[in-house]
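Trainee: Below is the structure I would like to discuss, written out as structure tokens.
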Amino acid sequence: MKTTLVIICTLLTSFFIQSQEVLAISGGEATGSGGTSSYTLGQVFYTATNASTGSISQGVQQSFEFFTLSNPQLTTVNLKAVVYPNPSSDYVVLNITDTALTDLSYVLVDIRGQVISNQKISSLDTQVSLHGLSIGTYVLKVSKKNSELKTFKIIKK
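Here it is in structure tokens:
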């Protein structure tokens, strides 16, 4: 019994010894004429590999970099539209106030994401029928060439 307990304790202790944890006292970044290096004070264990072309140190500290990505060809469209009356029992009117936008369409979906109706928008005021739909919440998505521009929550009463 005593031997079994010692073996179990030894196995459990070995799992805890393998965990990685560092109590870092301080850290920062040092910049000089040769480049930039980050450091951590208080890191006890590390592995270093040296060669004639440089050295690599492996430890707990992980480097990170922030990048700002931009795409000059990407343009966003600010659609100005309203839906009224909401809540409604028969229909809602989708009013587009920006006359410069063309090739618009809408998709009406239920709360589970199933498509109820979809149609091209051909005028500034488009009537979306709610006739035959159950009482509940629906989502009206306005898009241009498969790019979603605006989403409206529609309540059918």
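The numbering of the sequence shown is my numbering, which starts it at 1057 and goes up by one. Each residue gets a CB set at the ideal place from its N, CA and C atoms; glycine is no exception.
Check for me: the beta strand (DSSP E) holding Asp1146 runs from which residue to which?
Mentor: Asp1146 -> no beta strand (DSSP E), and no H or E assigned at all.
Trainee: Compute the Euclidean distance between the alpha carbons of Asp1166 and Tyr1147, then round it to the nearest angstrom.
Mentor: Going from the Cα of Asp1166 to the Cα of Tyr1147 covers about 15 Å.
Trainee: Is Val1139 near Leu1196, with beta carbons less than 8 Å apart?
Mentor: It is a contact, given that the beta carbons lie within the stated cut-off.
Trainee: May I ask whether a heavy atom of the ligand ZN can be found less than 7 Å away from the beta carbon of Val1139?
Mentor: Absence of the ligand ZN is noted for the structure shown, with no ligands found whatsoever.
Trainee: When you compare only the Cα positions, how much space is there between Leu1135 and Ala1107?
Mentor: Rounded to the nearest angstrom, the two C-alpha atoms are 59 Å apart.
Trainee: Should Leu1205 and Ile1177 be called a contact, given that it needs their Cβ atoms to be closer than 8 Å?
Mentor: Taking 8 Å as the Cβ cut-off, Leu1205 and Ile1177 do not qualify as a contacting pair.
Trainee: By how many angstroms is the C-alpha of Tyr1095 removed from the C-alpha of Ser1082?
Mentor: Cα to Cα, Ser1082 sits roughly 9 Å from Tyr1095.
Trainee: Taking only the alpha-carbon atoms, compute the straight-line gap between Asn1151 and Ala1137 and give it to the nearest angstrom.
Mentor: Taking the straight line from one Cα to the other gives about 5 Å.
Trainee: Just to confirm the assignment, what range does the beta strand (DSSP E) spanning Thr1193 have?
Mentor: Run containing Thr1193: 1192-1200, per the beta strand (DSSP E) assignment.
Trainee: Whole angstroms are fine: how far does the CA of Val1149 sit from the CA of Val1184?
Mentor: So the two alpha carbons sit approximately 6 Å from each other.
Trainee: So, with DSSP's three-state summary, where would you put Leu1180?
Mentor: Leu1180: coil per DSSP, three-state reduction.
Trainee: In its own chain, which residues sit with a C-beta less than 7 Å from the C-beta of Ile1211, not counting the 5 before and 5 after it?
Mentor: Contacts found: Asn1142, Pro1143, Thr1193.
Trainee: Please list, in chain order, all residues of the same chain as Ser1173 whose beta carbon is under 6 Å from its beta carbon, the five residues on each side excluded.
Mentor: Contacts found: Leu1164.
Trainee: Using a Cβ-Cβ cutoff of less than 6 Å, which residues in the same chain neighbour Asn1202 once the five nearest sequence positions on both sides are dropped?
Mentor: Cβ neighbours of Asn1202 beyond the five flanking positions: none.
Trainee: What three-state label does DSSP hand Thr1060 in the structure shown?
Mentor: The answer is helix: DSSP assigns Thr1060 an H, G or I state.
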